[in-house]
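Step one of this worksheet: look at the structure below.
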């Protein structure tokens, strides 16, 4: 068998149903509302009727519903706030990781700069050597071309001299043959030969 609700329990439930944040404000609200209602009724400013009872009941139901919804809403709000905090903390962590990775990459780039300068110096030296080799190759090619031209000129001049000598010998030979073919020249040679023979004979006789 259940016991009935005591007056203290009724008073506590009425106070808790009043929308407020502290016990003092709840109690003050109940007292103030009761006093204002009693004053209005006693001065006949307000006549209590069925509408008043319905209004009071409606406000009590609204307060009870608000109280029952308040706790789940607070829990949902707290969960939502915690979720937002988690997202912000995760974003901050990711940002921190990204900044750390960026710093590490910048530090690596600092080490790359001297290496790049060394590679640039080596590439510059290699380019200078290649240019020097190219110039030497061009000089050698020009010298080879000049030597080939000079050799061709020397061969040409030698051939010219040989042809001139052959022509000279041929000319001299033809002239000799032509002279020998002349009767007067033959007679002169014969006379000169006889004179020389007589001179040789006389010299031996002496």
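In my numbering, the protein residues as written are 290 to 495.
All C-beta atoms in this analysis are idealised placements derived from N, C-alpha and C, irrespective of residue type, glycine included.
The criterion of a C-beta distance shorter than 8 angstroms is not satisfied by residue 469 and residue 476. Cα atoms of residue 444 and residue 411: separation of roughly 49 angstroms, rounded to the nearest angstrom. When DSSP states are grouped into helix, strand and coil, residue 487 belongs to the helix group. Residue 430 and residue 416 have their C-alpha atoms roughly 21 angstroms apart. Between the alpha carbons of residue 368 and residue 400 lies a distance of about 48 angstroms. In this structure, DSSP gives residue 471 a state outside helix and strand, which the three-state scheme calls coil.
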